[in-house]
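To keep things clear, I will list the structure first and then write my remarks on it.
Chains as they are written, first to last, in the numbering used here: chain W, 168 to 301; chain Z, 168 to 301.
Shown next as structure tokens:
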């Protein structure tokens with residue numbers, strides 16, 4: 168079951184310069200910076216209430232995020248919804264004919280497991296499903 | 168002070184068809200549908216934890232959202248951050264040289280007051296500031 172929004176993913180060219188807005192203008196605090204090998208990105212998290220703002224910087228030119236950046240420029244990339252059972256969620260959505268990119272959960276930030284749906288599933292919105300603490 | 172994320176605004180051509188994903192695939196519930204005259208849009212809210220998913224449909228071809236839809240297609244449009252004092256926030260951001268679209272707060276959904284910053288302020292991300300219950 169979907170229980171909350173875990174984070175909003177924002178693609179940027181450079182976390183160092185992009186974070187200035189979130190820290191100095193919005194008054195948020197940087198919580199963690201990580202490298203995610205599965206998606207070949209560096210990610211920085213800024214908590215706001217129960218949600219995280221996630222800045223995403225591509226590690227190299229070959230990552231999907233680098234290709235996204237080249238095509239669309241910087242901006243909001245995805246919404247990550249938190250589920251209590253990611254495997255069950257993926258099985259249910261698959262049965263309903265929902266187009267899924269990550270049919271097998273991938274390692275996300277902060278020890279989570281994640282899977283992206285195809286943007287065609289949600290009128291062009293990139294939806295990530297996420298389960299904490301598996 | 169920024170305290171939470173109030174909603175994520177998603178531009179769609181037609182709320183009626185777009186909401187199927189959020190209701191049938193994610194299991195969310197529609198809370199309210201409103202017409203917003205200030206922005207010339209119809210909006211539908213779907214609560215997820217403390218955040219709302221806001222689907223936005225242009226009321227006519229002249230609205231800024233209709234122009235956005237024509238240029239960018241459907242997708243995530245903005246993040247709305249909740250502040251305890253919108254006037255103070257706008258004054259503070261203005262002093263810091265932040266480009267602001269709505270220098271005077273406008274009526275948002277559900278009785279809120281809102282103001283959009285210029286996307287140039289935040290690396291292409293459209294940021295809405297919002298105050299509840301004024």
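Cβ atoms here follow ideal geometry from the backbone N, Cα and C, with glycine treated the same way. Quick caveat, the model's predicted, so the values are computed rather than measured.
Judged by DSSP in its simplified three-state form, residue 228/W adopts coil rather than helix or strand. Contacts between residue 171/Z and chain W, judged by CB atoms closer than 9 Å, involve 215, 216, 217, 218 in chain order. Counting every other CB atom within 10 Å of its CB across the protein chains shown gives residue 190/W a total below 16, marking it as exposed. Ranked by Cα distance from residue 226/W, the first of 205/W, 297/W, 220/W is 205/W. Contact annotation: residue 212/Z and residue 224/Z have beta-carbon atoms that are not nearer than 7 Å. Per DSSP, residue 199/W is not a residue of any alpha helix (DSSP H); the beta strand (DSSP E) it occupies stretches across 199-203. Secondary structure note for residue 297/W: it is in no alpha helix (DSSP H), and the uninterrupted beta strand (DSSP E) holding it is 294-298. Runs of the beta strand (DSSP E) spanning 3 or more residues and lying entirely within the region 231-281 of chain W occur at 242-250, in chain order. Under the 7 Å criterion on CB atoms, residue 253/W is classed as non-interfacial with respect to chain Z. Within the region 280-300 of chain W, those residues whose Cβ lies closer than 7 Å to any Cβ of chain Z are, in chain order, 288, 289, 290, 291, 292. Between residue 193/W and residue 280/Z, the alpha-carbon positions lie close to 17 Å from each other.
Residue-level contact by beta carbon holds for residue 192/Z and chain W, with a gap shorter than 7 Å.
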